[in-house]
Structures are given as C-alpha cells and as structure tokens.
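Data block below; observations after.
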Amino acid sequence: MEASKSGATPEASHARSIVFVGPDRSPYFVTESTRLPITLAKGQVLVLIEAATICGSDLHTLSGRRTIPHPCVLGHEGCGVVVASEREEVNVGERVTWGMCTSCNNCLPCSLGLQNKCSSLHKVGHTVVSTAPLFGTYSTHILCLPGTPVVPLPPALTPRLAAPINCALATMVNALSKLPPTPSPGQPGASVALVQGAGMLGMYAVALLKEAGYKKVFCVDVKWSRLGSVTKFGATPVHADQEEELIESNSVDAVFEVSGNKQVLPQGMRALRNGGTYVLVGLVHPDSHMDITAQAIILKCLTVVGVHNYTAQHLKEAVSFLNRHHESYPFDTLLGPSYPLSDFRNAVEVARSGQFFRVVINPQQ
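Quick note: to get this note's numbering, add 1209 to the position in the sequence shown (first position is 1).
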C-alpha cells in the first residue's frame, strides 16, 4: 500500500481489530482482519495505533449495560502515528490523537458549538463496520473519517500518557469550560470545588481545577483504594461515609459528578453555595433518575449543566494541558499493565477488577 502523502508506507496490508458482535453472543467479540485501503478518500487519515486504553464505558458495552450499534470495532481512547493522510494539515509520520466524534460543521448543533452533537454524527468505537470498518481503537489501525478532529501530540507525551486524552481528559476540559470565569485575585468567588468520583475523570478534574486556581478541591468516593491517589493530585480525599462531617453545607462553588452514581446528587446539592454550579458528567446511563427537587435548584439559584463528550477545541486544550503539566502530576500512575491485542479478553478481566484506572492495549505487540 502506498501512503496518500509521501514519507511513509504502512508495513502491513491488513489491520487486525476486535469486533464487538453483541453482549448476548458467545463469544461477544471476534478478531477480524480488514484490508487496508490502497488510497484514501478526501479528508481521511490512516493511523497506526500505538496504544489504546480500556474505558469504563466499553466495559459497560461488553456487559450489556450500554447499548451501541454492532458489529463495530470497539474502543475510542488511543493515539498513534499517521501512515497515510488526505488532509493538508495532517502529515505522515506525526504522532496524533483524534476526536471521538465526527462533525459536518454545517448543521444547527455544529453552528451552536455542539459539534459533538452533529446531526450526521459518527463516533469512534460506536459505528457499525459496514459504515466504517476501522473506526475503533482496539485495532492495529484506525481510519479517521472526514470531520474527525486529528490533533498532533508533542514529543514529551508518551503513547501511554496520551492514550486517554481523547476521552477522559478532553471531556473534563469541556466540563470545566461550563464554569463561570474565576474571579480576579483578591475578589471573593470561586475557590472551593467538589469532585464526586475518584476514577480517571476525577483525577483529571482535580488536576484541572487546581491549575485553574481553585484553592481547595475535595474528592469523594466510596472506595478507599481509589482515594489513596487523590492527595497526589492535590485534592483532599473524603470517603462518602464522612462527607457530611468534612464538607460543610453551602460551602462549595462548583461540583463535578463523575461517579455515575445517582445517589451522590443530594450531597452535591447540599454542599453547593447559593449561585453555585453543578456539572453532570458520569450519569450517562438510564439508571439516573435524579432525587432532587426544582425548589432546591431555584432557592439556591444554582446552575445545573450536562456534559457529554467534547469538541475539537476541547481536545486541543487537553493535549496542551497534559503537555504543560505531565511532570507536575503522576498521571502515569493511573495506567496499569499493557496487553497485546491477542490477549484482549484477559485485559478486559483485569480492567473489570477495578485495580487500575486504565488498562492499556498495545496493538503492535
């Protein structure tokens, strides 16, 4: 195969991919070989994947807790090296990450800055193979569709560090963008935040909040094992059993829900001060009925906002943030062992154990 731009030729003529065939099937995934395209269509970018990470949402898909179109190539977190490109701004040989969502930039949602809700949306790891046969990260290659953001990675970011950028970190960059501007030095205002959930999203949220100037960040979780990492990122760990004792009512400027557990909402409402902001990120599943009243929101003049995925701009900001701060926080400790694509089943079982924030897949092993 010849690259669409000169400078590189892929070593293989076929890609190997993990294809999800349905949670009620046995086995629920198969390994398939797909011939790489000889030439690319305008706007396409072919990337050799160096690292992918197993996101919790993929575990939900595999267990049947989340429904997506299938068969599809699973996985959306990852990074790699461009081996062919039909975009002027994307060069062969660059190490890149890519956005989860394609967008047309012409429809109403796109015009409103909601490219992640484009009317003709396709999502990495969520698109049937008949539409996009190599559009997931549990694969040796990904073929990015036209309209998929492709962002260069700085040399300092290793594949392991960079793999989760295009889901967890970019999503939290979007979440922080929903907060009111931080007051000028010396002015009263935002200084205390609460993060509900000490998973990957929570750790990124803590680091982002600290760098945004929040003087105090609490992070609440039900698992003592996860809370052990919180202090390394500059936050105060709080077990859910001690929340009311350690976090005063009406004392928090902003709350981020990243736990996926609807039971945390009353505590977040209690902690928020008048005029505070509640950002909902993790409750993206059907079992998310909110046990709160409109009165509670109205009397405190609260802002409640939902965040799902992100735009190209958030992805660029996420790459820039990690490049600036990858030595300031122990992001590498959030990543567990690496498994070859051929050992995907064991990688999933280790990810399900919960002992690591992310398990890594190296498709080139």
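For glycine and all other residues, C-beta sits at the position ideal for the given N, C-alpha and C.
Let's test the definition: count the other Cβ atoms within 10 Å of the Cβ of residue i and tell me whether it reaches 16, buried, or not, exposed.
i: Gln1405; result: buried
i: Arg1234; result: exposed
i: Arg1244; result: exposed
i: His1494; result: exposed
i: Asp1500; result: exposed
i: Arg1369; result: buried
i: His1335; result: buried
i: Gly1477; result: buried
i: Thr1218; result: Residue confidence for Thr1218 is low, a pLDDT of 43 falling below 50, so the modelled location carries little weight; the figure read from the coordinates is stated next. Exposed, because fewer than 16 other Cβ atoms sit within 10 Å of the Cβ of Thr1218.
i: Gly1216; result: In this predicted model, Gly1216 has a pLDDT of only 37, less than 50, meaning its place in the structure is not dependable; the value taken from the coordinates is given anyway. Looking at its Cβ environment, which holds fewer than 16 other Cβ atoms inside 10 Å, Gly1216 is exposed.
i: Ile1570; result: buried
i: Glu1211; result: Here the model assigns Glu1211 a pLDDT of 39, short of 50, so the residue's position is not dependable, and the following value carries that caveat. Answer is exposed; the Cβ neighbour count stays below 16.
i: His1517; result: exposed
i: Thr1340; result: exposed
DSSP on residue i, reduced to helix/strand/coil?
i: Ser1215; result: Any reading at Ser1215 must be qualified, since the residue scores a pLDDT of 38, below 50, and its modelled position is unreliable; no value is offered.
i: Cys1310; result: strand
i: Val1557; result: helix
i: Phe1566; result: coil
i: Lys1332; result: strand
i: Met1210; result: Low confidence applies here, because Met1210 scores a pLDDT of 37, under 50, leaving its location unreliable and the question unanswered by this model.
i: Tyr1519; result: coil
i: Val1415; result: helix
i: Asn1571; result: strand
i: Asp1552; result: helix
i: Thr1542; result: helix
i: Ile1227; result: strand
i: Ile1351; result: strand
i: Ala1449; result: helix
Rank the options by C-alpha distance to the C-alpha of residue i and give the top, closest one.
i: Ser1551; options: Val1568, Ala1560, Pro1572, Val1559; result: Pro1572
i: Arg1554; options: Ser1497, Arg1275, Leu1283, Arg1274; result: Leu1283
i: Gly1422; options: Pro1363, Gln1451, Leu1317, Ala1463; result: Ala1463
i: Ser1222; options: Gly1334, Ala1384, Leu1257; result: Leu1257
i: Val1228; options: Val1290, Phe1344, Pro1246; result: Phe1344
i: Val1338; options: Val1290, Glu1286, Val1230, Arg1296; result: Val1230
i: Val1290; options: Glu1454, Pro1278, His1535, Val1305; result: Val1305
i: Glu1526; options: Lys1471, Trp1307, Thr1240, Cys1428; result: Trp1307
i: Phe1238; options: Val1557, Ser1562, Gln1564, Met1381; result: Val1557
Would a C-beta distance cut-off of 9 Å place residue i and residue j closer than the cut-off?
i: Val1401; j: Ser1320; result: no
i: Ala1224; j: His1350; result: yes
i: Pro1361; j: Glu1303; result: yes
i: Thr1270; j: Arg1567; result: no
i: Tyr1519; j: Asn1315; result: no
i: Gly1273; j: Pro1236; result: no
i: Ser1458; j: Ala1480; result: yes
Across the stretch 1529-1549 and the stretch 1306-1313, are there enough close Cβ pairs to call them in contact, namely three or more that are closer than 8 Å? Taking 8 Å as the limit for Cβ pairs, the verdict is that the stretch 1306-1313 does not touch the stretch 1529-1549.
Is the stretch 1412-1420 in contact with the stretch 1430-1445, if contact means three or more CB pairs nearer than 8 Å? Put simply, the stretch 1412-1420 touches the stretch 1430-1445. At least three CB pairs are less than 8 Å apart.
Report yes or no: do the stretch 1353-1361 and the stretch 1252-1266 share at least 3 C-beta pairs separated by less than 8 Å? These segments touch.
Given 8 Å as the limit, is there contact between the stretch 1501-1519 and the stretch 1484-1493, that is, 3 or more CB pairs closer than that? Three or more Cβ pairs drawn from the stretch 1501-1519 and the stretch 1484-1493 lie within less than 8 Å of each other, which places the two stretches in contact.
Is the number of C-beta pairs between the stretch 1540-1551 and the stretch 1360-1376 that are closer than 8 Å three or more? Yes: the two stretches touch, three or more of their Cβ pairs being nearer than 8 Å.
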